[in-house]
Amino acid sequence: MAKRLAVYVEEFDTVELNASFYRWPKDATFEGWRRRLPDGFTMSVKAQRGLTHYRRLRSPEPWVERFERCWTALGDRREALLVQLHPELERDDERLDHFLELMPDWIPVAMELRHPSWDDEAVYTLLEQHGAAYVVMSGAGLTTVPRATSDLVYIRMHGPPQDSIYAGSYTDDELAQWAGRIAEWHDEGRRVLVYFNNDLGGHAIHNARKLKELLADCG
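Take the position in the sequence shown, starting the count at 1, then add 36; the result is the number in our numbering.
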């Protein structure tokens, strides 16, 4: 992993940690990343499934404490906390509000709300009130809603096919459309994070390179 990361940081300036979804790292591990990652490189961290898929945001207090320790350990290498809810978890404004109320303001939170019932104006307003980012999703049969609910825009590119996930390659035209929208968010003064995980066949890295090229042309 260390060798792959060393190559990655030469080309990109942020990464999304997905392994934390399956097993939450020790505080010392986050401290180690802070020391090893180069200046200017940041890491977003995916919340563990114990909170999002088993508890489904119920009784989140112990996890909030872990997030605080992790964010402290990462220091200036930290970016955003990705909270991906279970795809079968239907809209529950009270549960979401309680979780976001507990999260400290100094931890940027990005909510990936997969069940279609969450696609409601009141939900976006709730996110705005807490300063939480709505995760814009692409592919895998998920509804793409290009909404910005905070100063941070968090985009997850799951791959273009609607009948599968983590597969396929985005066309240059599709990426150009995304680049145009991202440029608009930048012009509004928002920070935009884009992570590709259509890694089957190695498409993610090629799509990320192309998007960087297109964004450079926009700027």
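Ideal Cβ placement from N, Cα and C applies to all residues, glycine included.
One or two residues paired with residue i in a DSSP bridge
i, result
"T50", "T78"
"A158", "None; A158 has no bridge partner."
"Q120", "E148"
"A169", "A146"
"F232", "M193"
"S205", "Its beta-bridge partners do not exist; DSSP assigns none."
Exposure of residue i, with buried meaning 16 or more beta-carbon neighbours within 10 Å
i, result
"A64", "exposed"
"L138", "exposed"
"S56", "buried"
"W142", "exposed"
"V159", "buried"
"P140", "exposed"
"A169", "buried"
"A38", "exposed"
Beta-carbon proximity check, residue i vs residue j, cutoff 8 Å
i, j, result
"A171", "A146", "At residue 171 the sequence reads Val, which differs from the Ala that was named. Yes."
"A203", "L247", "no"
"E256", "M79", "Since the first residue shown for the chain is 37 and the last is 255, residue 256 is missing from the structure and cannot be characterised."
"H197", "G175", "In the sequence on display, residue 197 carries Pro and not His. Result yes, Cβ atoms of P197 and G175 sit closer than 8 Å."
"R127", "D156", "yes"
"V81", "L117", "yes"
"L162", "D129", "yes"
"R226", "D199", "no"
"Y58", "V51", "no"
"E164", "L121", "no"
Beta-carbon proximity list for residue i, same chain, < 8 Å, skipping 5 on both sides
i, result
"L178", "R150 and H194"
"R113", "W69, R70, L73, F77, T78 and M79"
"N243", "M193, S205, Y206, L211, F232 and N234"
Identity of the residue in the options nearest residue i by Cα
i, options, result
"E224", "N243, T185 and A38", "T185"
"Q84", "L110, N54 and P152", "N54"
"V119", "T88, D253 and C106", "T88"
"L250", "E97, G237, L211 and F232", "L211"
"R91", "F135, A252, P61 and D187", "F135"
"R105", "E52, F66 and R226", "F66"
"V189", "P197, T207, I201 and E220", "E220"
"W99", "G238, D129, P61 and G111", "P61"
"Q213", "C254, R102 and H239", "C254"
"I201", "P144, L236 and I218", "L236"
"A252", "I218, I241, A240 and H239", "I218"
Residues of its chain near residue i, where Cβ-Cβ distance is below 6 Å and the 5 sequence neighbours each way are ignored
i, result
"I191", "V172 and V230"
"G167", "S186"
Spatial neighbours of residue i in its chain, beta-carbon cut-off 7 Å, leaving aside the 5 residues before and after
i, result
"H222", "V228"
"P123", "R150 and H151"
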